[in-house]
């Protein structure tokens with residue numbers, strides 16, 4: 001396992017991270033196996049949110065890592081408030097809500113601090129100064145070590161990169177979705193790391209049945225899948241290795257985050273790290289040259 005420094009922080013995170021949203025409530029033995037095996041593989045970045053399963057995902061993580069908290073770089077997110085009737089959520093990025101939510105998240109996660117607390121979205125209409133004040137206060141109080149954002153909106157994440165002390169931006173980024181690359185130089189210049197999510201493009205890079213994705217037609221997805229498998233066969237590596245390694249070949253990406261739901265999925269990572277060491281950016285060039293661009 002390779003480890004990368006997250007932004008301007010002192011955090012050293014595994015190049016592959018675990019997105020906890022995929023864990024299934026009630027599957028206790030499977031979830032325990034996934035967490036234990038991930039740790040055995042050297043994975044130390046674990047990402048959740050108060051939004052997932054209406055807070056139950058945080059509770060699940062709290063139970064799974066209890067007594068082993070210090071082995072994990074633990075991250076959660078804030079900003080979305082569930083409606084009273086549970087029918088959906090509202091965007092609530094106020095200082096008061098952030099300061100209230102952290103205590104609830106810490107209680108569910110059975111810890112007294114988060115390594116990374118992320119604003120879960122963001123718009124240009126948000127009370128920017130108020131939000132930053134809230135995160136800075138939480139750092140001072142020791143409830144969080146660092147803060148970041150989870151956003152694909154350039155005007156939003158670039159504003160935070162330039163005018164706050166965020167250390168990271170979690171954004172959708174994969175072979176299929178290369179939109180973030182345009183903004184990587186500005187993020188790198190500001191010392192901001194990227195946490196790449198959606199790296200397997202909803203499974204389309206892992207031989208899932210083709211379907212429309214972003215602006216790609218089913219036919220285009222099929223052709224991309226064929227070319228990825230062709231590269232996989234030529235190099236003798238797994239499709240999963242190609243999917244996870246692509247983001248990591250670009251600065252300032254620090255981690256490819258993947259959701260794991262089953263024992264089979266976590267076991268599929270056993271040989272991936274050796275495969276990833278053999279993959280270079282030029283291995284993707286023919287594939288990328290034939291792909292159309294997607295815009296925000």
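Residue numbers (full-length UniProt numbering): 1 to 296. All C-beta atoms in this analysis are idealised placements derived from N, C-alpha and C, irrespective of residue type, glycine included. All of these numbers come straight from a predicted model, not from anything done at the bench.
Taking all protein chains shown into account, decide if residue 123 is buried (16 or more other Cβ within 10 angstroms of its Cβ) or exposed.
By the neighbour-count definition (other C-beta atoms within 10 Å, threshold 16), residue 123 is an exposed residue.
Apart from the five residues just before and just after residue 97, which ones in its own chain have a Cβ nearer than 7 angstroms to its Cβ?
Only residues of its own chain outside the window of five on either side were considered, and among them 81 have a CB closer than 7 angstroms to the CB of residue 97, listed in chain order.
Three CB pairs or more closer than 8 angstroms across the segment 153–161 and the segment 259–278:
Taking 8 angstroms as the limit for Cβ pairs, the verdict is that the segment 259–278 does not touch the segment 153–161.
Please look up how many angstroms separate the CB atoms of residue 11 and residue 73, rounded, as I've assumed it's under 8 angstroms.
Yes, they are in contact, since the Cβ atoms of residue 11 and residue 73 sit about 6 angstroms apart, within 8 angstroms.
Contact belief for residue 86 with residue 54 at Cβ below 8 angstroms, rounded distance in angstroms:
In this structure, residue 86 and residue 54 form a Cβ contact; the two beta carbons are roughly 7 angstroms apart against a cut-off of 8 angstroms.
State the CB to CB distance for the pair residue 239 and residue 277, rounded to an integer number of angstroms; the pair is presumed to be in contact (CB under 8 angstroms).
Residue 239 to residue 277, Cβ: 16 angstroms. No contact.
For residue 156, the nearest candidate out of 141, 129 and 121 (CA to CA)
A check of alpha carbon separations from residue 156 across 141, 129 and 121 identifies 121 as the nearest.
Taking the alpha carbon of residue 151 as the point to measure from, which residue in 88, 107, 142 and 197 has its own alpha carbon closest?
Distance check between residue 151 and each of 88, 107, 142 and 197 places 197 closest, using alpha-carbon atoms only.
Beta-carbon within less than 7 angstroms of residue 7's beta-carbon, same chain only, minus the 5 sequence neighbours each way: which residues are those?
167, 168, 191, 192 and 193.
Leaving out five residues on either side along the sequence, give the residues of the same chain with a beta carbon under 6 angstroms from the beta carbon of residue 105.
So the list reads 50, 58 and 76, once near-sequence residues are dropped.
Just how far apart, CA to CA, sit residue 306 and residue 129?
Residue 306 lies beyond the range of the chain shown here (1 to 296); nothing can be said about it.
What is the DSSP secondary structure of residue 201, counted as helix, strand or coil?
DSSP, reduced to helix, strand and coil, places residue 201 within a helical segment of the structure shown.
Taking the continuous beta strand (DSSP E) assigned at residue 131, which residues delimit it?
In this chain, residue 131 is not harboured by any beta strand (DSSP E); it is covered by the alpha helix (DSSP H) spanning 128–141.
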